[in-house]
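First the structure, in the form of structure tokens, and then the observations on it.
2 protein chains.
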Amino acid sequence: MAAWSERKLISRIQKAAAIHRSDVLLSIGDDCCELATGVSTLISTDTLVESVHFDTSFHLPYLLGRKAIAVNLSDIAAMGGIPRFALLSLCLPEELEQEWIDTWMDGALSMLHEFDCVLVGGDTVKGNNLVFTVTVLGIPVNEGALYRTGAGIGDSVWVTGVLGSAGAGLELLKNRKKNPETVDNEAWETLYEAHLNPLPRVHLGQKLARSGYVTAMQDISDGIATDLAHICRASKVSATIDSELLPMHGSLLQAAAFLHMSPTMFMLRSGEDYQLVFTVREGKGKSFVEYMGEDKRLVTNIGSVTSGEGVYLLKNGKARDISFQGYEH
Amino acid sequence: MAAWSERKLISRIQKAAAIHRSDVLLSIGDDCCELATGVSTLISTDTLVESVHFDTSFHLPYLLGRKAIAVNLSDIAAMGGIPRFALLSLCLPEELEQEWIDTWMDGALSMLHEFDCVLVGGDTVKGNNLVFTVTVLGIPVNEGALYRTGAGIGDSVWVTGVLGSAGAGLELLKNRKKNPETVDNEAWETLYEAHLNPLPRVHLGQKLARSGYVTAMQDISDGIATDLAHICRASKVSATIDSELLPMHGSLLQAAAFLHMSPTMFMLRSGEDYQLVFTVREGKGKSFVEYMGEDKRLVTNIGSVTSGEGVYLLKNGKARDISFQGYEH
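Those protein sequences? They're chains L and S, same order as listed. Just so you know, the working numbering puts 1295 at position 130 of the first sequence, and the rest follows in order with no gaps. Just so you know, the working numbering puts 1280 at position 115 of the second sequence, and the rest follows in order with no gaps.
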């Protein structure tokens, strides 16, 4: 296997960037790129570091490339924004195989294409370990971007999809690495997939931003105990969520039992689900569900916003403070 | 000395970002930041990796922080743009001292403030070695951004400032590290400074873009042999530069002699001068110099654009192809 060449990689990136789109005034190949922008631009950047954020022994390059993009698209989704442009900074060890990084690029580009986001710039450098920094630019929907600051007392708290799958998937993958003879459970594929290949809630985020009912939103990257606490702090309110209402995938219970861990712990504290947590204006829950139409199956009301501060979990009639008890990267 | 804490660093970054400016609609503290933008946005990203791009044994944190920002501002300068916003992604080893990264931040912020550029986002992660990724956004001057593509046959070739200082400074610093007993030469301070604390040509770049005389421009980060070759390739022309005309600092000759290296080699091939190389429209050289006024001492005509391809150095009446013989990072 041949080690990667910077020339080949840059040529690959330049080809990928050679997409004609009217809002790309100048693409890769100059000192800057020049983008046609509107009155406001959303921007987010995230860095993934080998052995801190991913394990290449079970996270294969195609899905890792997809995920490096997905976690940034998720930040745009959390504002209800429309992704437009991406920049990649790749720090790669000298001995990395060309095929590995080519496959990583295939994955990254597939995720960008899925969300109509075009690669416009970046940088490739040599370093001791893999570090991927992705920057994504987007625009808000016409109704405006959704901040963390808008939650009001009496609003209801909602999440998209299911919680805890990515966290349980990661633990199962780590367990399989340590004990390769463990019999795999087919039902766990969905949990592996949640960790290895998360799908950012881009379109759903836009629909929520357009609804006029959503008052605050953010994505779930560190577990809802932490991410909802961010909304509460920014909005100067408190939230209480009901452990009975937390949505989970059918196989989470069994996986948690196998791992001797609590399914609720996964749902509250484990990161990287890349779902959205949001609040719906007081008294508008029913109208909101009607507005969602077929997509109502993708959202779940898990609690409500109250005065005070912090996030509380209601279980067996008791409320317990769980603020910021999520995963720390 | 205490190791850095992510909490302290993020709090520091948040304080630095808490600058009220009407074009920052939403700063650090949400999933994205939201920026007021105009019809077009310039963007550039660069990654600096320890032991590849810098040596912390002689590059102290304050100046290193300044330089991490400067190399990105230089990309905006190369378009004649106005820097507006910056994002920082910091990958830091666990054992790094808090004071080191605080001082690095002081330096980075000082450079941002000097050019009225505001920190709006970023990411901090743990990793094995120092990796700094900086993304800078700017806007073109009203006359438009200067690309690499506009050089025409008959245009004259110019550079700002002097060449080779940063390259010679780096070699002198490396030499001093190996041979600490070497007697320092006061005249070399300017060369050290050129490597350790380069100043991006932001205001000069804007003046050049506004002139209406400049047809193509880029910054000198890899040595003029490579950087002018980029303009030639993008503009589908050739350039010939005269070795007698290359501007150097007074101490370069002596430093090169001390290092047993050629001063011309430093001027042509060594990177990181962060000066600008640009072309002036045929027949407009005199008007251009008049337009520059007092700043004419900051620009030097070093050659001209011809048909064909590649960059040629004229020396003792002979022209030699030097295309892409600059420094490779």
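Glycine is no exception: its CB is placed at the ideal position from the N, C-alpha and C atoms.
Enumerate in chain order the residues of its own chain whose CB-to-CB distance from residue i is below 7 Å, with the five nearest sequence positions on each side excluded.
i	result
K1480 of chain L	S1408
F1453 of chain S	S1376, Y1378, V1445
What's the C-alpha gap between residue i and residue j?
i	j	result
L1522 of chain L	V1301 of chain S	Examination of residue 1522 of chain L is not possible in this model, given that chain L is present from 1166 through 1494 alone.
P1226 of chain L	I1184 of chain L	24 Å
T1429 of chain L	V1189 of chain L	45 Å
T1221 of chain S	L1252 of chain S	22 Å
K1372 of chain S	L1337 of chain L	59 Å
A1310 of chain S	F1219 of chain L	39 Å
M1426 of chain L	N1362 of chain S	53 Å
N1344 of chain S	T1202 of chain L	53 Å
A1242 of chain S	Y1312 of chain L	33 Å
G1370 of chain S	V1204 of chain S	20 Å
V1306 of chain S	L1207 of chain S	11 Å
A1484 of chain S	G1246 of chain S	34 Å
W1169 of chain S	L1410 of chain S	49 Å
I1406 of chain L	F1431 of chain L	15 Å
V1236 of chain S	H1224 of chain S	15 Å
A1167 of chain L	W1265 of chain L	10 Å
D1140 of chain L	L1441 of chain S	No answer is possible for residue 1140 of chain L: the residues shown for chain L start at 1166 and end at 1494.
L1328 of chain S	A1420 of chain S	13 Å
E1455 of chain L	I1467 of chain L	18 Å
P1365 of chain S	G1448 of chain S	28 Å
Y1439 of chain S	D1240 of chain S	9 Å
T1268 of chain S	G1230 of chain S	8 Å
So is residue i buried or exposed if we call it buried at 16+ other beta carbons inside 10 Å?
i	result
A1374 of chain L	buried
Q1490 of chain L	buried
K1232 of chain L	buried
V1348 of chain L	exposed
G1415 of chain L	exposed
L1418 of chain S	exposed
N1350 of chain L	exposed
R1211 of chain S	Before going on, a small fix: residue 1211 of chain S reads as Asp here, not Arg. With 16 or more other Cβ atoms within 10 Å, it is buried.
E1437 of chain L	buried
S1386 of chain S	buried
G1272 of chain S	buried
S1469 of chain S	buried
Q1179 of chain L	exposed
A1352 of chain S	exposed
R1434 of chain L	buried
D1384 of chain L	buried
L1356 of chain S	buried
State the start and end residues of the unbroken alpha helix (DSSP H) segment that holds residue i.
i	result
V1236 of chain S	1226 to 1243
S1330 of chain S	1330 to 1343
T1314 of chain L	Unbroken run through T1314 of chain L: none, as it is neither H nor E.
L1411 of chain S	It is not in any alpha helix (DSSP H) - L1411 of chain S carries neither H nor E in the DSSP assignment.
A1390 of chain S	1389 to 1400
K1173 of chain S	1171 to 1182
A1422 of chain S	1417 to 1423
K1451 of chain S	1450 to 1457
T1355 of chain S	1354 to 1361
Locate the beta strand (DSSP E) running through residue i, then write down its first and last residues.
i	result
Q1371 of chain L	Segment 1367 to 1376 is the alpha helix (DSSP H) holding Q1371 of chain L; no beta strand (DSSP E) there.
G1246 of chain S	1246 to 1257
L1284 of chain L	1283 to 1291
F1522 of chain S	Outside the shown range of chain S, which is 1166 to 1494, sits residue 1522 of chain S, and nothing can be said about it.
Q1263 of chain L	It is not in any beta strand (DSSP E) - Q1263 of chain L instead sits in the alpha helix (DSSP H) that spans 1263 to 1279.
R1462 of chain S	Run containing R1462 of chain S: none; DSSP gives neither H nor E here.
Within the same chain, show all residues whose beta-carbon is closer than 6 Å to that of residue i, passing over the 5 residues directly before and after it, in chain order.
i	result
A1359 of chain L	S1330, A1331, G1334
G1475 of chain S	S1403, D1486, S1488
A1394 of chain L	V1476, S1488, F1489
Leaving out five residues on either side along the sequence, give the residues of the same chain with a beta carbon under 8 Å from the beta carbon of residue i.
i	result
L1463 of chain S	T1325, G1326, L1369, M1457
P1258 of chain L	K1291, G1292, N1293, N1294, L1295
V1285 of chain S	A1182, V1189, S1192, I1193, C1198, L1200, F1250, A1251, L1252
E1260 of chain S	A1168
Of the residues that make up the segment 1192 to 1207 of chain S, which ones have a beta carbon closer than 9 Å to any beta carbon in chain L?
-> So the close ones are G1194, D1195, D1196, C1197, C1198, E1199, L1200, A1201, T1202, G1203, V1204, S1205, T1206, L1207.
Scan the segment 1312 to 1340 of chain S for residues whose Cβ lies nearer than 7 Å to a Cβ of chain L and list them as they occur along the chain.
-> Answer in chain order: Y1312, R1313.
Compile a chain-ordered list of the residues in the segment 1229 to 1244 of chain L whose CB is closer than 9 Å to at least one CB of chain S.
-> Within the segment 1229 to 1244 of chain L, the residues whose Cβ lies closer than 9 Å to some Cβ of chain S are S1239, D1240, I1241, A1242, A1243, M1244, listed in chain order.
Interface positions of the segment 1279 to 1294 of chain L facing chain S (Cβ-Cβ less than 7 Å), listed along the chain = For the segment 1279 to 1294 of chain L, the beta-carbon criterion of a distance under 7 Å to any beta-carbon of chain S is satisfied by G1286, G1287, D1288, V1290, K1291, G1292, N1293, N1294.
Residues within the segment 1243 to 1277 of chain L neighbouring chain S, beta-carbon criterion of under 9 Å | Of all residues in the segment 1243 to 1277 of chain L, A1243, M1244, G1246, F1250, L1252, L1253, S1254, L1255, C1256 have a Cβ within less than 9 Å of some Cβ in chain S.
Pull out every residue of the segment 1395 to 1410 of chain L whose Cβ sits closer than 8 Å to any Cβ of chain S, in chain order.
-> Listed by position, the residues of the segment 1395 to 1410 of chain L near chain S (Cβ gap below 8 Å) are A1399.
The segment 1207 to 1226 of chain S: positions lying closer than 9 Å to chain L by Cβ = For the segment 1207 to 1226 of chain S, the residues whose beta carbon sits under 9 Å from a beta carbon of chain L are, in order, L1207, I1208, S1209, T1210, D1211, T1212, L1213, V1214, E1215, S1216, V1217, H1218.
What are the residues of the segment 1429 to 1440 of chain L that lie near chain S, defined by any Cβ-Cβ distance shorter than 8 Å?
-> Those residues of the segment 1429 to 1440 of chain L that come within reach of chain S (Cβ to Cβ, closer than 8 Å) do not exist; the list is empty.
Contact set between the segment 1299 to 1312 of chain S and chain L, restricted to residues whose Cβ is under 8 Å from the partner = Correct list: T1300, L1302, G1303, P1305, A1310, Y1312.
Name the residues in the segment 1363 to 1384 of chain L whose C-beta lies less than 7 Å from a C-beta of chain S; which are they?
-> Those residues of the segment 1363 to 1384 of chain L that come within reach of chain S (Cβ to Cβ, closer than 7 Å) are Q1383, D1384.
Selection of the segment 1169 to 1193 of chain S by Cβ proximity to chain L, strictly under 7 Å = Residues of the segment 1169 to 1193 of chain S with a C-beta less than 7 Å from any C-beta of chain L: L1190, L1191, listed in chain order.
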